[in-house]
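Trainee: Numbering (our numbering), first residue to last: 5 to 45.
Beta carbons are placed, not taken as given, at the ideal position from N, Cα and C, and that holds for glycine.
All figures in this text were calculated on a predicted structure; none of them were measured in a lab.
Okay, here's the structure, questions in a sec.
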């Protein structure tokens, strides 16, 4: 039971860091657009 809990929290951690990275790159992209008036790739 403990092992499945650990695995579950590890998956949540991975998903969270992935979403966080997406969010950060999204913010950077938006700033880039505003500064350079260029479309995001």
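#1: To the nearest angstrom, report how far apart residue 37 and residue 23 are at their CA atoms.
#2: By how many angstroms is the C-alpha of residue 29 removed from the C-alpha of residue 9?
#3: Just the Cα atoms here: how many angstroms apart are residue 21 and residue 11?
Mentor: Once the coordinates are examined:
#1: 21 Å
#2: 30 Å
#3: 15 Å
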